[in-house]
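A.B. asks: Structure below; questions to follow.
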Amino acid sequence: MHSIVIVGGGAGGLELATRLGNRLGKSGRARVTLVDRSPTHIWKPLLHEVAVGSLDINASQIAYAAHAHWNHFTFVHGDLTALDREQKQIEVGPLFEGEGGEGAEVLPSRKLEYDTLVLALGSRTHFFGVQGAEENAIALDTLEQAERLRKRLLQSCVKKGGLGLPEERGQVDITIIGAGATGVELAAELRRMENTLKQFGVLARNPETMMRINVLEAGPRVLPALPKRVSDSARSVLEEMGVNVFVATPVTQVGATNVELGDGRTIPTDITIWAAGIKAPNVLTSLDGIAVNRINQVRVLRSLRSETDENIFALGDCASCVWTGDTMVPPRAQAAHQQAMFLFKQLCARIDGRPLGTFEYKDHGSLISLGSSTAVGSLAGVSRSGKIFVEGLIAEFMYAALYRKHLMAVSGIWRTVFAIVGDRIDRMLSPRVKLH
Ligand SMILES: Cc1cc2nc3c(=O)[nH]c(=O)nc-3n(C[C@H](O)[C@H](O)[C@H](O)COP(=O)(O)OP(=O)(O)OC[C@H]3O[C@@H](n4cnc5c(N)ncnc54)[C@H](O)[C@@H]3O)c2cc1C
Numbered sequence: 001m002h003s004i005v006i007v008g009g010g011a012g013g014l015e016l017a018t019r020l021g022n023r024l025g026k027s028g029r030a031r032v033t034l035v036d037r038s039p040t041h042i043w044k045p046l047l048h049e050v051a052v053g054s055l056d057i058n059a060s061q062i063a064y065a066a067h068a069h070w071n072h073f074t075f076v077h078g079d080l081t082a083l084d085r086e087q088k089q090i091e092v093g094p095l096f097e098g099e100g101g102e103g104a105e106v107l108p109s110r111k112l113e114y115d116t117l118v119l120a121l122g123s124r125t126h127f128f129g130v131q132g133a134e135e136n137a138i139a140l141d142t143l144e145q146a147e148r149l150r151k152r153l154l155q156s157c158v159k160k161g162g163l164g165l166p167e168e169r170g171q172v173d174i175t176i177i178g179a180g181a182t183g184v185e186l187a188a189e190l191r192r193m194e195n196t197l198k199q200f201g202v203l204a205r206n207p208e209t210m211m212r213i214n215v216l217e218a219g220p221r222v223l224p225a226l227p228k229r230v231s232d233s234a235r236s237v238l239e240e241m242g243v244n245v246f247v248a249t250p251v252t253q254v255g256a257t258n259v260e261l262g263d264g265r266t267i268p269t270d271i272t273i274w275a276a277g278i279k280a281p282n283v284l285t286s287l288d289g290i291a292v293n294r295i296n297q298v299r300v301l302r303s304l305r306s307e308t309d310e311n312i313f314a315l316g317d318c319a320s321c322v323w324t325g326d327t328m329v330p331p332r333a334q335a336a337h338q339q340a341m342f343l344f345k346q347l348c349a350r351i352d353g354r355p356l357g358t359f360e361y362k363d364h365g366s367l368i369s370l371g372s373s374t375a376v377g378s379l380a381g382v383s384r385s386g387k388i389f390v391e392g393l394i395a396e397f398m399y400a401a402l403y404r405k406h407l408m409a410v411s412g413i414w415r416t417v418f419a420i421v422g423d424r425i426d427r428m429l430s431p432r433v434k435l436h
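Using UniProt numbering, the first residue of the sequence shown is number 1, and each one after it goes up by one.
Okay, here's the thing in structure tokens:
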């Protein structure tokens, strides 16, 4: 039986495994296997909400093992560590007791055979070699990092806010490096977190103990990938919220308690968050000669097939695929979703011996969430000029729709409806920020 192995159950990989399982796995036309280093899936764009405690991570995770059982594929827990293209085998590394690979071995390394391999490993933070950044700044790639950030934020607020010793009290300095979508959304979420902490007395209600949020961007404006009007609007919303925005301000060094800027200035910081730039995982550079670009992304043809091997495909953030001319498909959840839907059809065709098609990325625009009822963005293809500008509640509603679309693709309509209702009830009954 044809064996399809998908490595990475993120925004794209999980949607693909679910569709293929229900189409090919259920009817016995193929064996579908999903490999992931984590036992549970969380949609990555939710991580900044986890980091500020406004999202219950337990309610928003999907356990791969159960999901695989319901959707007719097999889940293998572990890290992709090696590839043998001649034997058509991948190696999944051993599993240890601790999340970070410490403790006793739970499972040894395993070999998995494939006829078709799909690499969907996503991306990690790119620190661009800035001194001290990797050691002192927190990135937002995984659930563990988001949880670590949430605890650090809470502890700093407790220590410097209303509950701390009088001599320790003061402003909580938070530095966000990078004013792309993640940095901007995080800054707005932090203000929301601050308001809730004041409500519960964790932060005193006076200006001396508030969060001082600095957003540093090396480029000339915030949200550099979006139209200028969206960027201007986002900046003014942030400034109205009391967030300090510095553009054309590269960072040269990140220390434990301060950040050095390109112009020689130094700003104090309690917590530094790195939200600038991505690269694909390093393991992709050692996969039996598979061609990758300078940020480790697998170089693929327009069919999403690897340039190097006709049995290997890649999608999402870890794939380098041409969009138009010399523009590449951007690393976004909507691109991963479209590529998963495309590959689903392609892999069904491949099994039937039909030729592969060409992936066309459709940019539906971008939306940026700025707190509880504000969002800004631009939508493509809905006006004659090609783009319209949206903000306020409509934009916020559309922003939420992106996640609903992902949930529908992996969980179907009824589970999505129950999840929305459950989430609404939970938000009515629980504090707006997780306090423990
Ligand atoms: C905070 C934040 C906010 C964002 N907001 C938005 C947004 O609003 N809109 C938008 O379009 N995009 C947004 N993005 C980008 C979006 O999350 C990514 O583009 C999208 O998740 C990419 O999907 P993917 O399937 O390629 O990879 P991912 O969703 O990252 O999934 C990769 C999977 O691979 C697994 N994996 C990695 N390495 C290995 C290995 N060696 N072995 C086994 N498994 C492995 C990981 O555990 C993970 O499950 C945001 C990203 C972040 C971090």
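Every residue, glycine too, gets a C-beta built ideally from N, C-alpha and C.
Given the structure is predicted, the values throughout are model-derived calculations rather than measurements.
(1) Taking the alpha-carbon positions, what's the Ala314 to Leu24 distance?
(2) Can you name the start and end residues of the alpha helix (DSSP H) that residue 446 belongs to?
(3) Using 8 Å as the cut-off, can you tell me whether the segment 208 to 217 makes contact with the segment 168 to 182, which would need three or more C-beta pairs spanning the two stretches below that distance?
(4) Is any heavy atom in ligand 1 found nearer than 7 Å to the beta carbon of residue 466?
(5) I'd like the list of long-range same chain contacts for Glu194, defined as Cβ closer than 7 Å, with 5 residues on each side in sequence excluded.
(6) Can you give the Cα-Cα distance for Phe342 and Trp323, rounded to whole angstroms?
(7) Beta strand (DSSP E) containing Gln253: first to last residue?
(8) Would DSSP call His41 helix, strand or coil?
(9) Between the segment 112 to 132 and the segment 5 to 14, do three or more beta carbon pairs fall short of 8 Å?
(10) Name the DSSP beta bridge partners of His48, please?
(11) Kindly list the residues whose CB is nearer than 7 Å to the CB of Pro108, restricted to its own chain and excluding five residues on each side of it in sequence; keep chain order.
(12) Helix, strand or coil for Leu356, going by three-state DSSP, please let me know.
(13) Once the 5 residues before and after Lys345 are set aside, which same chain residues still bring their CB inside 7 Å of it?
(14) Which residue or residues does DSSP assign as beta-bridge partners of Pro268?
(15) Quick check on the DSSP output: the alpha helix (DSSP H) that includes residue 438 runs from which residue to which?
(16) Counting pairs of Cβ atoms below 8 Å between the segment 234 to 245 and the segment 281 to 300, do you hit three or more?
(17) Give the C-beta separation of Trp70 and His406 to the nearest angstrom, bearing in mind that I take them to be a contact with Cβ-Cβ under 8 Å.
(18) Helix or strand or just coil, what does DSSP make of Leu315?
(19) His77 and Pro39 look like a contact to me (Cβ under 8 Å); what is the Cβ gap, rounded to whole Å?
(20) Does any C-beta atom of chain B lie closer than 8 Å to the C-beta of Gln145?
(21) With DSSP collapsed to three states, give me the class of Gly8.
(22) Using C-beta distances below 7 Å, list every residue in its chain close to Leu223, excluding the 5 sequence neighbours before and after it, in chain order.
(23) Write down the C-beta distance between Glu189 and His48 rounded to the nearest angstrom, noting that I regard them as a contact closer than 8 Å.
(24) Compare the Cα-Cα distances from Gly422 to each of Leu16, Leu20, Asn58 and Val50 and report the closest residue.
(25) Who does Glu113 pair with in a DSSP beta bridge?
(26) Please report the Cβ distance between Ser306 and Val298, rounded to the nearest whole angstrom; I am assuming they are in contact, meaning their Cβ atoms lie under 8 Å.
(27) Under a Cβ-count criterion, where at least 16 other Cβ atoms within 10 Å of its own Cβ denotes burial, should Pro331 be classed as buried or exposed?
(28) List the endpoints of the continuous alpha helix (DSSP H) containing Thr18.
(29) Taking C-beta to C-beta, are Leu20 and Phe73 nearer than 8 Å?
(30) In whole angstroms, give me the CA-to-CA distance for Gln334 and Ala104.
(31) Can you give me the Cβ contacts of Pro250 inside the same chain, cut-off strictly under 6 Å, excluding the 5 residues immediately before and after it?
(32) Looking at Gly357 and Gly12, is the spacing between their C-beta atoms short of 8 Å?
(33) For ligand 1, is there any heavy atom lying closer than 7 Å to the beta carbon of Val184?
(34) Can you list, in chain order, the residues of its chain whose CB lies under 8 Å from that of Arg150, leaving out five sequence neighbours each side?
(35) Select from Arg404, Val245, Glu97 and Val410 the residue whose C-alpha is nearest the C-alpha of Ile420.
(36) Could you tell me which residues DSSP puts in a beta bridge with Leu95?
C.D. replies: According to the data block:
(1) For the purposes of this step, residue 314 is taken as the residue at position 314 of the sequence shown. For the purposes of this step, residue 24 is taken as the residue at position 24 of the sequence shown. In a straight line, the C-alpha of Ala314 is about 19 Å away from that of Leu24.
(2) The structure shown does not extend to residue 446, since the chain spans only 1 to 436, so no value can be given for it.
(3) Look at the beta carbons and you see the segment 208 to 217 touching the segment 168 to 182: at least three pairs across the two are nearer than 8 Å.
(4) Any answer about residue 466 is impossible in this case: the structure gives the chain only from 1 up to 436.
(5) Numbered from its first residue, the sequence shown carries residue 194 at position 194. Cβ within range, chain order: Leu203, Met210 and Met211.
(6) Along the sequence shown, one-based indexing puts residue 342 at 342. Along the sequence shown, one-based indexing puts residue 323 at 323. Distance between the alpha carbons of Phe342 and Trp323 is about 14 Å.
(7) Position 253 of the sequence shown, counted from the start, is the residue given in the question as residue 253. Start and end: Val251 to Val254.
(8) Here residue 41 refers to the residue found at position 41 when the sequence shown is read from its first residue. Reduced to three states, the DSSP call for His41 is strand.
(9) Enough Cβ pairs lie closer than 8 Å, so yes.
(10) In the sequence shown, the residue the question calls residue 48 occupies position 48. His48 is not bridged to any residue.
(11) Counting from 1 along the sequence shown, the entry for residue 108 is found at position 108. Excluding positions up to five away in sequence, the list reads Pro94.
(12) In the sequence shown, the residue the question calls residue 356 occupies position 356. Looking at Leu356 - three-state DSSP - the assignment turns out to be coil, as it is neither helix nor strand.
(13) On the sequence shown, residue 345 is found 345 positions in, with the first residue counted as 1. Same-chain partners within the cutoff: there are none.
(14) What you label residue 268 is simply residue 268 of the sequence shown in a count that begins at 1. Bridge partners of Pro268: Asn258.
(15) Nothing in the structure corresponds to residue 438, since the chain is present only between 1 and 436.
(16) With the cut-off at 8 Å, the segment 234 to 245 and the segment 281 to 300 do not touch.
(17) Here residue 70 refers to the residue found at position 70 when the sequence shown is read from its first residue. Here residue 406 refers to the residue found at position 406 when the sequence shown is read from its first residue. Contact annotation, Trp70 with His406: C-beta distance approximately 17 Å; criterion of less than 8 Å not satisfied.
(18) Taking the first residue of the sequence shown as position 1, residue 315 is located at position 315. Coil.
(19) If you number the sequence shown from 1, residue 77 lands on position 77. If you number the sequence shown from 1, residue 39 lands on position 39. Contact between His77 and Pro39 is confirmed by a C-beta separation of about 6 Å, below the 8 Å threshold.
(20) Checking the listed chains, one finds no chain B in this structure; it contains a single protein chain.
(21) Here residue 8 is taken as the residue at index 8 of the sequence shown, counted from 1. Residue state, collapsed to three classes: coil.
(22) Here residue 223 corresponds to residue number 223 of the sequence shown, with the count starting at 1. Closer than 7 Å at Cβ, skipping near neighbours: Ala179, Gly180, Ala181, Val184, Val230, Ser231, Ala234 and Ile368.
(23) On the sequence shown, position 189 is the one that residue 189 refers to. On the sequence shown, position 48 is the one that residue 48 refers to. The C-beta distance from Glu189 to His48 rounds to 6 Å, short enough to meet the 8 Å contact threshold.
(24) As a working mapping, residue 422 is identified with position 422 in the sequence shown. Nearest of Leu16, Leu20, Asn58 and Val50 to Gly422, Cα basis: Asn58.
(25) Numbered from 1 along the sequence shown, position 113 holds the residue referred to as residue 113. Per DSSP, the beta bridge partners of Glu113 are Gln89.
(26) What you label residue 306 is simply residue 306 of the sequence shown in a count that begins at 1. What you label residue 298 is simply residue 298 of the sequence shown in a count that begins at 1. Cβ atoms of Ser306 and Val298 come within 8 Å of each other, at about 6 Å.
(27) Counting from one through the sequence shown, the residue named residue 331 turns up at place 331. Burial call: buried.
(28) By 1-based counting over the sequence shown, the position of residue 18 is 18. Unbroken alpha helix (DSSP H) run through Thr18: Gly13 to Leu20.
(29) The sequence position of residue 20 within the sequence shown is 20, counting from 1. The sequence position of residue 73 within the sequence shown is 73, counting from 1. Leu20 places its beta carbon less than 8 Å from that of Phe73.
(30) Here residue 334 refers to the residue found at position 334 of the sequence shown. Here residue 104 refers to the residue found at position 104 of the sequence shown. Straight-line Cα distance between these residues: approximately 39 Å.
(31) Locating residue 250 in the sequence shown gives position 250, counting from the first residue. Listed in chain order, the non-local C-beta contacts of Pro250 below 6 Å within the same chain comprise Ala218 and Gly262, local neighbours out to five positions each way being set aside.
(32) Locating residue 12 in the sequence shown gives position 12, where the first residue counts as 1. Locating residue 357 in the sequence shown gives position 357, where the first residue counts as 1. Cβ distance not < 8 Å, so Gly12 and Gly357 don't count as in contact.
(33) In the sequence shown, residue 184 corresponds to position 184, counting from 1. Checking every heavy atom of ligand 1 against the Cβ of Val184, none is found closer than 7 Å.
(34) Your numbering for residue 150 matches position 150 in the sequence shown. Within the same chain, Arg150 has close Cβ partners Val50, Ala51, Val52, Gly53 and Lys434.
(35) Translated into positions along the sequence shown, residue 420 becomes position 420. Checked all of Arg404, Val245, Glu97 and Val410; the closest Cα to Ile420 is Arg404.
(36) As a working note, residue 95 is residue 95 in the sequence shown. Listed as beta-bridge partners of Leu95 by DSSP are Leu107.
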